[in-house]
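**Student:**
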Amino acid sequence: MGVLVWWEMSPIRVLMASFSSARFLADTADAER
C-alpha cells in the first residue's frame with residue numbers, strides 16, 4: 001500500500017514542480033522583456 005501511494009504521489013509531485021518552475025521561468029522572461 002505504501003509503495004502504491006508513493007508511486008501515485010511521486011509523478012504528481014514531479015509534474016507540479018516542473019509546471020511551477022516552467023511558469024516561473026515564463027514569468028521571469030516576461031518581466032525581462
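Each residue of the sequence shown is one higher than the one before, starting from 1 at the first, in this note's numbering. The beta carbon of each residue, even a glycine, is placed where N, CA and C say it ideally should be. Just so you know, these numbers come straight off a predicted model, no measurement behind them.
(1) Measure the C-alpha to C-alpha separation of ALA26 and GLU8 and round it to an integer number of angstroms.
(2) In terms of residues, what are the limits of the alpha helix (DSSP H) holding ARG33?
(3) Measure the alpha-carbon distance for LEU4 versus ARG33 and round it to whole angstroms.
**Tutor:** For this structure:
(1) Linking ALA26 to GLU8 through their CA atoms gives a straight-line distance of about 28 Å.
(2) Note, ARG33: premise wrong, no alpha helix (DSSP H); not H, not E.
(3) Those two C-alpha atoms are separated by around 44 Å.
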